[in-house]
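In terms of our numbering, the sequence shown is residues 25 to 749.
Shown next, in structure tokens, is the structure this report addresses.
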Amino acid sequence: MRHRNALASLLVATLATTAAAVVAPILATPAGAATYRATGSLLKPAPGGNPATDAEFGLRCPSLPSQQGVDAYVFRVPAEYAVAGTTVKVTPSDALGVADLAAYVYKADCTYSRVVTDATSTGLTIPLQSGDTWFSVYSVLGTQVALDFEASNAAVPAPTATGVNEAGTRRTYSGTPNDPLYLQSGAGDLFFNGQWGMRKVRAAEAWREPRATGAGVRVAILDTGLDLGHPDFACADKVEVLPDADPDADGKTVPLDENGHGTHVAGIIGACTDNGTGVVGVAPDATLLPIQVLSEGSTVDTLVGALRTAADSGAHVVNMSLGSGLAPVGFQVPATGTATGYAGIFPEVDAAIDYAVSKGVVVVAAAGNESAPLCGYPAIASEIVCVGASDPRDLNSWYGNFPVKLGSGEPVGPALLAPGGTGSQICDYSSAEILSTYSRAVDAADGDCDTNPGYASIFGTSMASPMVAGAAALVYDRLGGVRSPANAAKVIEALLGSAVDLYAPGYDPASGMGRLDVLGAVRYWSAAPLTNPTQTAVVRKTSLSLTDSVPATVQYGDALPLSARLVDEAGAPLAGETVTFQMLGPSGFREVSALTGADGVASQTLVAATEPGSYRVAVGYSGRAGAYDSSVASQPVAVVREDSALSLVSSGTGGKRTLTATVAEADDATRRLAGVTVTFWADGVQVASAVTDATGSATYAPKNAKAYEARFGGDAYYAPSAASA
């Protein structure tokens with residue numbers, strides 16, 4: 025069997041000699057002449073404590089809290105507005121009519137500044153001090169609060185459309201791709217099915233934002249080539265073969281992929297999407313520039329030439345899912361290298377990286393798969409975005425190098441995680457690996473993964489890197505598609521600043537700046553103006569309601585059916601939108617999410633594995649920037665005791681008689697109740713009691729009597745039951 029696991033040989037353990045600090049970004053100008061707007065929502069009031077310090081909803085710079093929108097919502101103003109003279113106003117829409125907002129204010133580096141609590145009936149007004157950037161807004165009493173955020177400053181210049189690039193084909197995406205391998209069995213679970221990685225990083229949600237499909241953005245893929253006839257690359261403006269796409273001049277069809285690795289990487293970046301075929305790509309409208317640098321004839325000069333070709337051909341992003349080896353081949357197909365390397369051993373590659381960066385290219389590379397504590401080469405260079413691999417649980421994949429560059433506990437260059445798979449399964453389309461396109465010629469020759477020829481599941485940091493490269497293409501589109509070092513720096517800031525914080529707050533060696541969030545990266549900067557007026561977004565009100573199928577009561581341990589309908593202000597259903605259901609009680613909450621269908625209805629279930637009592641079911645929709653506002657709804661639900669069923673069996677006779685009582689759930693006899701007390705009765709008199717074992721059974725050896733009975737008196741979770749023999 026071929027090496028489907030794609031273990032990249034990224035080998036250098038020290039910083040490349042030409043590494044330099046990432047250019048300080050020039051921040052975006054938001055849409056609107058002098059006003060920045062955003063929306064958010066809260067499902068419940070903040071608990072007791074201090075939102076400035078409590079881990080549950082405190083700010084985790086530069087990412088948002090993991091419970092964003094539950095009991096606090098964090099807004100960030102662009103740098104232009106983080107100056108004295110700006111006024112921020114947060115207006116609530118509270119289902120209970122209570123205006124009780126407060127906000128904790130933080131500086132750009134997340135240093136706590138102050139709390140603002142003097143809300144009026146019309147909302148909360150915050151005069152900004154210089155550097156005020158983050159605002160953790162919460163409600164003391166109100167529930168289901170929609171928030172409108174507005175920052176105004178007459179000194180902020182209005183943006184212009186100068187330099188906006190509308191080249192390339194831009195399509196409209198519903199948010200629920202019809203590509204058959206995107207969702208598979210168990211689609212409500214992010215684990216182990218279809219393209220779980222795409223769903224975890226919220227790629228499909230990102231395409232519904234203004235300017236966030238990759239149209240006009242060019243991504244160079246320095247790899248083993250591309251299956252040019254693959255049906256998932258047949259859409260308009262998808263692939264451009266450059267004159268120098270086969271720089272090692274091996275005489276083969278340019279740039280034919282005889283390994284499969286390059287085709288897999290290309291599909292992750294930008295496979296044709298919503299085309300009823302195969303898989304989706306992170307940047308569905310981006311143009312792919314495949315350059316073959318990994319083949320038998322490749323040398324260090326091959327990679328150098330490819331980097332310069334990509335930069336000179338207008339590439340906005342370069343992906344390198346490859347790593348260094350020593351002689352005779354400088355850079356190798358993943359899983360074929362050795363485990364040694366030294367700083368500065370490839371100075372010509374370092375110079376080519378510098379050249380690409382100077383042109384405004386965002387260079388992304390895989391961290392490597394040797395369980396090393398540092399990024400491999402070339403990913404370790406500080407200009408390059410180093411990408412490690414994560415599994416479906418958001419843990420650093422066991423095989424992956426840590427996304428770390430040399431420094432005394434602090435990052436010296438961009439590094440983060442992205443889904444790369446667990447490293448345990450091959451070919452299984454419902455596995456925990458990364459599913460994407462694959463070279464059909466390789467599939468036909470091997471025949472080991474031909475259940476669906478042209479597609480395969482693979483693991484490795486080689487798969488994580490193109491997810492970040494695709495996200496970079498979307499952010500470049502968001503910025504207008506104009507290539508420049510300043511915009512490239514803004515792309516990198518968005519990738520890192522929006523990453524989902526893992527492990528220790530902020531930067532840590534196991535996850536870098538966190539795990540990729542494509543939707544968060546796209547929303548990090550306001551969209552540049554579109555020259556096509558039909559793509560101008562109009563924000564519409566929404567209405568969310570729980571349907572009649574949500575019951576008022578549910579028995580303990582049973583599945584609670586959840587269903588909600590989302591419509592716009594005209595009553596038209598909204599399809600492909602994510603809503604979140606919560607079951608709230610005195611000890612906390614549990615939640616699940618679901619996408620709305622064509623009828624605007626989203627459905628899910630939650631097991632009522634909680635103590636019987638009074639609860640509330642809430643559903644929230646966070647809205648979509650530039651399109652829809654947020655909305656919420658809720659209703660009470662009571663969890664009642666589950667019915668129990670007790671059976672009593674008498675075996676033996678006379679002095680050898682044995683009574684066996686078994687307690688189970690009434691609607692599922694296979695679910696036995698262990699550790700509950702059963703009393704035994706003879707001729708109407710209690711004669712013994714016993715506790716059920718792991719099988720839900722308790723026994724008693726009775727004396728002679730005419731009638732026997734067993735009784736379970738019930739407990740906090742199960743109703744009483746009895747049986748006789």
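No residue lacks a Cβ here, since even glycine has one placed at the ideal position from N, Cα and C.
It should be emphasised that the depicted structure is a prediction, and the values quoted were computed from it without experimental measurement.
At the level of alpha carbons, what is the spacing between residue i and residue j?
i, j, result
"M491", "V342", "12 Å"
"R564", "A651", "6 Å"
"A599", "V702", "52 Å"
"D156", "D532", "25 Å"
"V616", "S163", "23 Å"
"V673", "Y580", "27 Å"
"G254", "Y479", "The residue asked about is misnamed: residue 254 is His in this sequence, not Gly. Each residue's alpha carbon lies about 10 Å from the other."
"S382", "D501", "19 Å"
"D717", "A690", "18 Å"
"I482", "G444", "8 Å"
"V129", "G621", "38 Å"
"A413", "E394", "12 Å"
"T149", "V114", "7 Å"
"A351", "I315", "Residue placement at A351 is flagged as unreliable, the pLDDT there being 32, under the threshold of 50; the coordinate-derived value follows with that caveat. So the alpha carbons of these two residues sit roughly 22 Å apart."
"E80", "A712", "Bear in mind that the predicted position of E80 carries a pLDDT of just 46, short of 50, making it unreliable; the figure below should be weighed with that in mind. Cα-Cα distance, rounded: 49 Å."
"R223", "T602", "11 Å"
"R614", "A740", "20 Å"
"D256", "S65", "38 Å"
"V436", "G521", "15 Å"
"T323", "P438", "27 Å"
"A228", "Y462", "21 Å"
If contacts are defined as beta-carbon pairs under 8 Å, then residue i and residue j qualify, I think. What distance do you get, rounded to the angstrom?
i, j, result
"A391", "L331", "No, A391 and L331 are not in contact; Cβ-Cβ is about 19 Å, not under 8 Å."
"G699", "V715", "6 Å"
"G400", "N425", "6 Å"
"A126", "A143", "7 Å"
"S646", "S587", "Between S587 and S646 the Cβ distance is about 19 Å, and since that is not below 8 Å, they are no contact."
"R735", "A749", "Actually they do not touch by this definition, with Cβ atoms about 12 Å apart."
"A403", "A334", "Not quite, the Cβ-Cβ distance comes to about 16 Å (not below 8 Å), so this is no contact."
"D418", "R539", "6 Å"
"W231", "P116", "With 8 Å as the limit, W231 and P116 do not qualify as a contact, their Cβ atoms being about 30 Å apart."
"R640", "V656", "Not confirmed; about 12 Å, so no contact."
Would you kindly check if the distance between the Cβ of residue j and the Cβ of residue i is under 9 Å?
i, j, result
"G644", "G93", "yes"
"V506", "Y548", "no"
"S535", "V289", "no"
"V263", "L312", "yes"
"G494", "G294", "yes"
"Y197", "T301", "no"
"D13", "T248", "With the chain covering 25 to 749 only, the question about residue 13 has no answer from this structure."
"A339", "R242", "yes"
"S345", "A389", "yes"
"L526", "L441", "yes"
"Q112", "A175", "Sequence inspection shows Val at residue 112; the Gln mentioned does not correspond to that position. In this structure, A175 lies closer than 9 Å to V112 by Cβ."
"L630", "A583", "yes"
"L459", "L619", "no"
"D653", "T566", "yes"
"V98", "S160", "yes"
"T634", "V663", "yes"
"G221", "M487", "yes"
"V107", "L67", "no"
"P397", "V428", "yes"
"G321", "A497", "no"
"G384", "W422", "no"
Exposed or buried, which one is residue i when buried takes at least 16 other CB atoms within 10 Å?
i, result
"E517", "buried"
"K727", "exposed"
"L165", "exposed"
"D541", "buried"
"W705", "buried"
"S145", "exposed"
"D281", "buried"
"A693", "exposed"
"T719", "exposed"
"D707", "exposed"
"N511", "buried"
Give a yes or no on whether 9 Å exceeds the smallest Cβ distance from residue i to chain D.
i, result
"G699", "Absence of chain D from the displayed structure is noted, only one protein chain being present."
| query | Could you give the uninterrupted runs of the beta strand (DSSP E) lying entirely in the stretch 95-143, keeping only those of 3 residues or more? | reply | 97-100, 111-118, 125-131, 136-140
| query | Which parts of the stretch 360-409 are runs of the alpha helix (DSSP H), unbroken and 4 residues or longer, counting only runs that do not cross its ends? | reply | 371-382
| message | Which runs of the alpha helix (DSSP H) at least 4 residues long sit entirely within the stretch 481-563? Give them in chain order. | response | 485-502, 509-521, 542-548
| task | Just list the alpha helix (DSSP H) runs in the stretch 677-741, keeping only unbroken ones of 4 residues or longer that don't cross its boundaries, in chain order. | result | none
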